[in-house]
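Numbering (my numbering), first residue to last: 25 to 396.
Don't be surprised by glycine CBs; every beta carbon is placed ideally from N, CA and C.
Please read all numbers here as calculations on a predicted model, not as lab measurements.
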Ligand code: UD1
Ligand code: UDP
């Protein structure tokens, strides 16, 4: 049996690592395919290094482009690789353009598709990710829902595939790498001593919107504590286009960093007072036993309501007034969240690997039965 794993961005590397390791540990042949959606060293190679992922078998070199160009290029290049390799099943993770392209290309080639982190819904039409995840969910054969909430969404939408509740593989990554991170990371030298707020923001509906972007700059320069902000290249580009980069980088309240590797980021999360972010993965990681930090979600909604229900996340919107008030509240709050993570126990990758193997073998037996 052979399993194709298609990935292309930073969070897919973090969240696919444990699935890849678990499949290879069980002796399965894995064809690892990187679309090249992310290509900067600090969004890609550094994650192979930090997570100990072997080099991909195929690198498609797709790069950046409009939504259609990037998705179409992934599909065109992937079709060639899949027709040469003909894996029994293709796995994709999350909601990026790589995921949409991977799921659609494989499904149309009659290859079984497994969607890791299925069933998330923001109900927000501004997000390209919402289209990607909905399409991937409805054409996949195996759906790995991270939580009961995601499982329920899939059942209500009557998806075609088989649904399994597995936990989220991001907790596997956090729990495996957090102990190593403190030992190996040198990031403490690059940040001011004492308490700080860790910030990330890269979502298109935020940073591509001039008002929200200007509001973010206002928030960070007036934040009640020093800010440490590793900036995604999309955001750097937008800040420069709007003439805002200088204002942010010259603020004595803000330490801007390039995107940092996974081990460094784990340390930044562990040491901060709290996090302001629009990232999906960070909302989940903050609930893991080795992090346990409050996240102010810099968005109007979240497809991770479990983090809110568990007391880890608060959706604060994007208006500077509201966000700054929420930051003040957080600085003076005494309690810190410490309940169990709603995203699983750190064994999701193992479960997914076992299900993929069992279901692929069952699929083969069924074909054999038809042929008799
Ligand atoms: C993508 C995903 C998003 C995910 C994020 C993870 C889609 C629609 N979006 O957003 O869901 O949260 O990855 O970080 O798939 N760029 C570089 N170097 C790179 C990659 C990108 O400079 O290595 C710049 C380019 O200017 C590019 C822009 O960032 O145009 C956006 O990159 P893109 O891959 O289109 O989307 P992300 O914003 O990274
Ligand atoms: N991350 C990182 N370095 C950074 C910023 C984020 O290692 O400078 C990690 C973070 O820990 C999480 C993942 O990248 O595992 C989240 O990626 P991102 O926010 O880009 O994507 P999303 O999760 O929103 O799709």
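- According to the DSSP assignment, residue 188 belongs to the beta strand (DSSP E) that extends over 186-189.
- Of the candidates 356, 214, 314 and 366, 366 places its Cα closest to the Cα of residue 337.
- Spanning the alpha carbons of residue 175 and residue 142 requires a straight line of approximately 8 Å.
- By the Cβ test, the segment 154-165 is not in contact with the segment 249-259, since fewer than three Cβ pairs between them sit closer than 8 Å.
- Between the segment 170-188 and the segment 135-152, the count of C-beta pairs closer than 8 Å reaches three or more; the two stretches touch.
- Take the alpha-carbon of residue 58 and the one of residue 204: they are about 25 Å apart.
- Note that the C-beta distance between residue 71 and residue 38 is below 8 Å.
- Rounded to the nearest angstrom, the Cβ distance from residue 368 to residue 191 is 2 Å, consistent with a contact under 8 Å.
- Judged by pairs of C-beta atoms under 8 Å, the segment 309-317 does not touch the segment 92-100, as fewer than three such pairs exist.
- Just so you know, the alpha carbons of residue 120 and residue 156 end up roughly 6 Å apart.
- Every unbroken stretch of the alpha helix (DSSP H) spanning 4 or more residues and falling wholly within the segment 287-343 is given here in chain order: 304-309 and 329-333.
- Contact annotation: residue 231 and residue 264 have beta-carbon atoms that are not nearer than 8 Å.
- Taking the Cα positions, residue 241 is about 22 Å away from residue 289.
- Using a 10 angstroms sphere on the CB of residue 147, the tally of other CB atoms stays under 16, which defines it as exposed.
- Around the beta carbon of residue 247, a 10 Å sphere encloses 16 or more other beta carbons of the protein chains shown; the residue is thus reported as buried.
- Chain-ordered, the residues whose CB falls short of 5 Å from any heavy atom of the ligand UDP come out as 34, 35, 38, 254, 283, 284, 286, 289, 303, 304 and 305.
- Fully enclosed beta strand (DSSP E) runs of no fewer than 3 residues occupy 136-140 and 166-169 of the segment 119-188, in order along the chain.
- Per the Cβ contact rule, the segment 191-202 is not in contact with the segment 222-231 (fewer than 3 Cβ pairs under 8 Å).
- Scanning the segment 33-64 for uninterrupted alpha helix (DSSP H) segments of 4 residues or longer gives 34-49, listed from N- to C-terminal end.
- With a cut-off of 7 Å, the C-beta of residue 150 is classified as distant from the ligand UD1, since no heavy atom of the ligand falls inside that distance.
- At least one heavy atom of the ligand UD1 lies less than 7 Å from the C-beta of residue 257.
- Secondary structure note for residue 220: it is in no alpha helix (DSSP H), with a DSSP letter that is neither H nor E.
- Burial check for residue 389: the Cβ neighbour count within 10 Å stays below 16, so the residue is exposed.
- In its chain, beyond the 5 residues on either side, 287 have a beta carbon closer than 8 Å to the beta carbon of residue 208.
- For residue 384, no pairing in a beta bridge is given by DSSP.
- Looking at the DSSP output, residue 83 bridges to 58.
- Per DSSP, reduced to three states, the secondary structure at residue 210 is coil, with no helix or strand assignment.
- With fewer than 16 other CB atoms across the displayed protein chains lying within 10 angstroms of its CB, residue 93 is exposed.
- Residue side-chain check: residue 212 keeps its Cβ at 7 Å or more from all non-hydrogen atoms of the ligand UD1.
- In the three-state DSSP reduction, residue 241 falls in the helix class (H, G or I).
- Its chain contains 27, 29, 44, 47 and 48 as the residues whose beta carbon lies nearer than 7 Å to that of residue 54, once the 5 sequence neighbours on both sides are disregarded; these appear in chain order.
- The beta carbon of residue 36 sits closer than 7 Å to those of 117, 118, 120 and 122, all from its chain and outside the five residues before and after it, given in chain order.
- In the DSSP annotation of this structure, residue 90 is not part of any beta strand (DSSP E), being labelled neither H nor E.
- Pairing residue 300 with residue 320 gives a Cβ-Cβ distance under 8 Å.
- Straight across, the Cα-Cα distance linking residue 252 with residue 133 is about 45 Å.
- A residue is called buried when at least 16 other Cβ atoms come within 10 angstroms of its Cβ; residue 360 does not meet this threshold and is exposed.
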